[in-house]
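Structure first, then comments.
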Amino acid sequence: MNIKLIAIGKTDNKSLQTLIDDYTKRLSFYIKFELEIIPDIKNVKNLSENQQKEKEGELILSRLTPTDQLILLDENGKTFSSVGFSEELQKKMNSGIKTLVFVIGGPYGFSEEVYKKAFGKISLSPMTFSHQMVRLFFIEQLYRGFTILRNEPYHHQ
381 MNIKLIAIGK TDNKSLQTLI DDYTKRLSFY IKFELEIIPD IKNVKNLSEN
431 QQKEKEGELI LSRLTPTDQL ILLDENGKTF SSVGFSEELQ KKMNSGIKTL
481 VFVIGGPYGF SEEVYKKAFG KISLSPMTFS HQMVRLFFIE QLYRGFTILR
531 NEPYHHQ
């Protein structure tokens with residue numbers, strides 16, 4: 381299985397980017413992983429929230445193939461413990477999915493079309509984090525999940 385994380389807008393904080401790169405490299409020892417960045421929408425001040433969501437949604441959907449399984453990182457999604465998330469990853473791998481795609485939406489969330497294509501939603505926390513920090517937290521949790529599945533000493537219970 382391959383895992384792809386799609387996010388909107390580049391990470392402009394060098395410290396965060398260094399950590400994202402570190403966990404991306406660590407993750408590559410377990411699975412083929414790709415972080416795909418969609419450039420920020422131009423002239424958003426001239427768009428309503430819904431128009432911005434629609435434009436971002438079109439860009440997100442254009443990055444998917446028909447066999448991808450889409451999971452949204454959404455504040456209203458299902459929450460997992462790290463062990464529970466690792467078990468969910470194992471189920472996905474066992475099901476024969478070729479590419480599992482997670483998406484971090486823009487500041488206003490996802491368009492209805494993106495919600496319709498999604499196979500599920502995951503929430504990292506009831507708290508709100510910056511989109512740049514969510515990238516780091518999520519990639520670290522993917523890494524943690526694979527170390528749990530391999531019984532490696534990264535995660536402590």
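Each step along the sequence shown adds one to the number in my numbering, with nothing skipped, and position 98 is 478.
Beta carbons: idealized from backbone N, C-alpha and C, even for Gly.
Quick caveat, the model's predicted, so the values are computed rather than measured.
Please report the straight-line C-alpha distance between S505 and K458, rounded to a whole angstrom.
9 Å
State the DSSP-derived secondary structure class of Q449, mapped to helix, strand or coil.
strand
I need the DSSP call for L385, collapsed to helix, strand or coil.
strand
At 3 residues or longer, and completely inside the segment 449 to 476: list those beta strand (DSSP E) runs for me, N to C.
449 to 458
Tell me the rounded alpha-carbon separation between A387 and K425.
20 Å
Closest residue to I576 among S503, Y488, P446 and D454 (Cα-Cα distance):
Since the displayed the chain opens at 381 and closes at 537, residue 576 lies outside it and no answer follows.
Could you round the C-beta distance between L439 and I418 to whole angstroms and report it? I think they count as a contact, below 8 Å.
5 Å
Let's test the definition: count the other Cβ atoms within 10 Å of the Cβ of Q432 and tell me whether it reaches 16, buried, or not, exposed.
buried
Thinking Q397 and S462 are a contact (beta carbons under 8 Å), I'd like their distance in whole angstroms, please.
Wrong, their Cβ atoms sit about 23 Å apart, outside the cutoff.
For K501, name the three-state secondary structure that DSSP assigns.
strand
Endpoints, beta strand (DSSP E) assigned at E416:
K412 to I418
Between the CA atoms of I502 and F460 - distance to the nearest angstrom:
8 Å
Buried versus exposed, by CB contacts within 10 Å (16 or more), E532
exposed
If you draw a straight line from the alpha carbon of E414 to that of F482, how long is it in whole angstroms?
10 Å
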